[in-house]
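Structure, as structure tokens:
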Amino acid sequence: MILKENSKGTLIVISAPSGAGKGTIINKLLERDNKTRWLSISTTSREIRSNDIPGVTYNFVSEEEFINKIKEGYFLEYTNYAGNYYGTPKGAIEEKLNQGIDVILEIEIEGASNIKKLVPEAIFIFIMPPSLKELVRRLKLRGTDSDAKIIERFKKAYQEINEVSKYNYVVVNDILDDAVAKVEAILKSEKCRVDRIEDVYLDTKEEEIHELLCSEEFK
Ligand code: 5GP
-12 MILKENSKGT
-2 LIVISAPSGA
8 GKGTIINKLL
18 ERDNKTRWLS
28 ISTTSREIRS
38 NDIPGVTYNF
48 VSEEEFINKI
58 KEGYFLEYTN
68 YAGNYYGTPK
78 GAIEEKLNQG
88 IDVILEIEIE
98 GASNIKKLVP
108 EAIFIFIMPP
118 SLKELVRRLK
128 LRGTDSDAKI
138 IERFKKAYQE
148 INEVSKYNYV
158 VVNDILDDAV
168 AKVEAILKSE
178 KCRVDRIEDV
188 YLDTKEEEIH
198 ELLCSEEFK
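Rendered as structure tokens:
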């Protein structure tokens, strides 16, 4: 019996509290390999921030447009997070997976738990800040939020960290390169899992083996 890696891509769900650095880790993963990895671009109804690039960080729509898209069945999953809608468009995901491309979803925990129901074989990775103190430091250093907003984000982060047991893996983002290497290692190991392996030669007939043994190559 000869086994080969499954030719289909893997769905990878990455969540983290804001300030844990998941965006940076994902960018590094894509820098290393953007041929067999693809980051799904979510649709959101939140306001565009100064560091957003429409069509790259998100596809921005109004709340009304978002609700219409929900009705059309446009999303694989969606949620309302901090008063704004966020959703993963169904469209390209199946196509990419069939092409053997791994699809990354950068979504919050409720979305991740909905994906788990729909695609139980997906890989769920939670990126953790090294400590809650470090998380506060990072949120403060960003300079994008008021102290009140930081406290709100911190509380949310605290709740989210308690949900980590629902994930398959947790990666502490202390040293960025180490965290990226850990995620790479997870993705590599997952490809070797027996239940992900496709048995392509199981159907090989005895005559075919006989033919092979008689071929020039084996004389
Ligand atoms: P932000 O507004 O900071 O860009 O994102 C807020 C949260 O929404 C983050 O935790 C982010 O991962 C999550 N998020 C982004 N896109 C989606 C999505 O399509 N679905 C879900 N469920 N969460 C998302």
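Residues -12 to 206 in the numbering used here are what the sequence shown lists, from first letter to last.
All residues carry an ideal CB built from backbone N, CA and C; glycine is no exception.
Beta strand (DSSP E) segment containing residue i, residue limits
{"i": "residue 89", "result": "89 to 93"}
{"i": "residue 24", "result": "24 to 26"}
{"i": "residue 157", "result": "156 to 159"}
{"i": "residue 0", "result": "-2 to 2"}
Check: residue i C-beta below 7 Å from any heavy atom of ligand 1
{"i": "residue 125", "result": "no"}
{"i": "residue 75", "result": "yes"}
{"i": "residue 156", "result": "no"}
{"i": "residue 129", "result": "no"}
{"i": "residue 94", "result": "yes"}
{"i": "residue 207", "result": "Only positions -12 to 206 of the chain appear in the structure, and residue 207 is not among them; the question remains open."}
{"i": "residue 152", "result": "no"}
{"i": "residue 23", "result": "no"}
{"i": "residue 78", "result": "no"}
{"i": "residue 68", "result": "yes"}
{"i": "residue 203", "result": "no"}
{"i": "residue 145", "result": "no"}
{"i": "residue 98", "result": "yes"}
Residues bridged to residue i (per DSSP)
{"i": "residue 74", "result": "30, 65"}
{"i": "residue 41", "result": "45"}
First and last residue of the uninterrupted alpha helix (DSSP H) at residue i
{"i": "residue 111", "result": "Unbroken run through residue 111 is the beta strand (DSSP E), 110 to 115; no alpha helix (DSSP H)."}
{"i": "residue 176", "result": "163 to 178"}
{"i": "residue 9", "result": "9 to 19"}
{"i": "residue 54", "result": "50 to 59"}
{"i": "residue 205", "result": "That residue, residue 205, is in no alpha helix (DSSP H); it is neither H nor E in DSSP."}
{"i": "residue 104", "result": "96 to 105"}
Beta-carbon separation (whole angstroms), residue i vs residue j, contact threshold 8 Å
{"i": "residue 30", "j": "residue 43", "result": "About 13 Å separates the two Cβ atoms, so there is no contact after all."}
{"i": "residue 2", "j": "residue 137", "result": "Rounded, the Cβ-Cβ distance is 20 Å, inconsistent with contact."}
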